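Numbering (UniProt numbering), first residue to last: 1 to 323. C-beta atoms are modelled at their ideal positions from N, C-alpha and C, and glycine is treated no differently. Remember, it's a predicted structure, so these values are computed and weren't measured experimentally. The structure appears below as structure tokens.
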């Protein structure tokens, strides 16, 4: 490529940039109007959108090893015999992972929703606070159209599990909303710390439900541990009556001691499964919407949209002018 060609391309780029700038200058009123309209829409959303508040608690998975060396040594000594007898002596990472799975589980979440009566809150638009019941009004035209279309698609696809929408939310809908929009779990793989957060419309409720969620998890896991160990102790007491071999009796006594240690540890610690490092407190600032950010993004969006419209109109004018 010669120097003349390079110079020609550079001149063409300069002309193109100059044309774009001139086009934007000619349409400056359109750009300004677009920025003002989109910015006003963003400002209105930032002002009138219902604020959400997020309260967070930091917890650490606790294991049976924290009870001291006694339970850990018994678990390592009699772990093989316990597994043969169907008795759990799990600890450490396995226990922590199992407890974390409970936090994420649908069953535990639904029990929490039921015990704290969260259904009216989760589906407040469908709940009648005066009648203390779900609204049973006729669905609107759009809802009927969507329902009819869904029914048609279900019939064509052979989906026999399709059910018409109901005014009463289902457990599946409740968990889906709770898991995606309300309760958030974040685990730090490096430190092992877990952040439990609730994002709701009331800062006091956000902190209350966050702490209650952790407390209920600890209570249920502690009760389950005590129940399992108590059943194991009863089973071992029956087994020890069936043998007179001293070595077998010593092993069974060791297993019973490990289960007693487990019960003692569970009953002596309110934070049995999860140690609370930082308790949730009512937040002072909203987490959504971030008003300055919303307005700023709206202005930038309006500017980009306005410039795009201006250049598009100029391009159309050039096309029609040639025609």
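For residue 349, which three-state DSSP category applies? The question about residue 349 has no answer, for the chain in this structure spans 1 to 323.
From the DSSP output, in three-state form, read off residue 236 for me. helix
Below 8 angstroms on the Cβ atoms is my guess for residue 183 versus residue 213; work out the distance and round it to an integer in Å. 7 angstroms
Cβ shell of residue 266 (< 8 angstroms), same chain only, five flanking positions each side left out: 222, 225, 226, 229 and 272
If you run the structure through DSSP and keep just helix, strand and coil, what is residue 118? coil
So who's on the other strand from residue 282, going by DSSP bridges? DSSP output for residue 282 lists no bridge partner at all.
Report the start-end ranges of each alpha helix (DSSP H) in the stretch 222 to 275 that is 4 residues or longer and not cut off at the edges. 246 to 268
Helix, strand or coil at residue 309 [DSSP, three-state]: helix
How close, in whole Å, do the beta carbons of residue 57 and residue 263 come, if the pair is a contact with beta carbons under 8 angstroms? Actually they are not in contact, since the Cβ atoms of residue 57 and residue 263 sit about 27 angstroms apart, beyond 8 angstroms.
Given 8 angstroms as the limit, is there contact between the stretch 297 to 306 and the stretch 25 to 35, that is, 3 or more CB pairs closer than that? yes
Under the three-state DSSP convention, the category residue 31 falls into: helix
Does the separation of the CB atoms of residue 287 and residue 39 fall below 9 angstroms? no
At a threshold of 8 angstroms, does residue 207 count as lining the ligand SAM (C-beta to nearest heavy atom)? With respect to small molecules bound, the structure shown includes none, and the ligand SAM cannot be examined in it.
According to DSSP, which residues form a beta bridge with residue 209? According to DSSP, which records beta bridges pairwise, residue 209 is partnered with nothing at all.
Using DSSP with H/G/I as helix, E/B as strand and the rest coil, what is residue 109? helix
Under three-state DSSP, which class holds residue 179? helix
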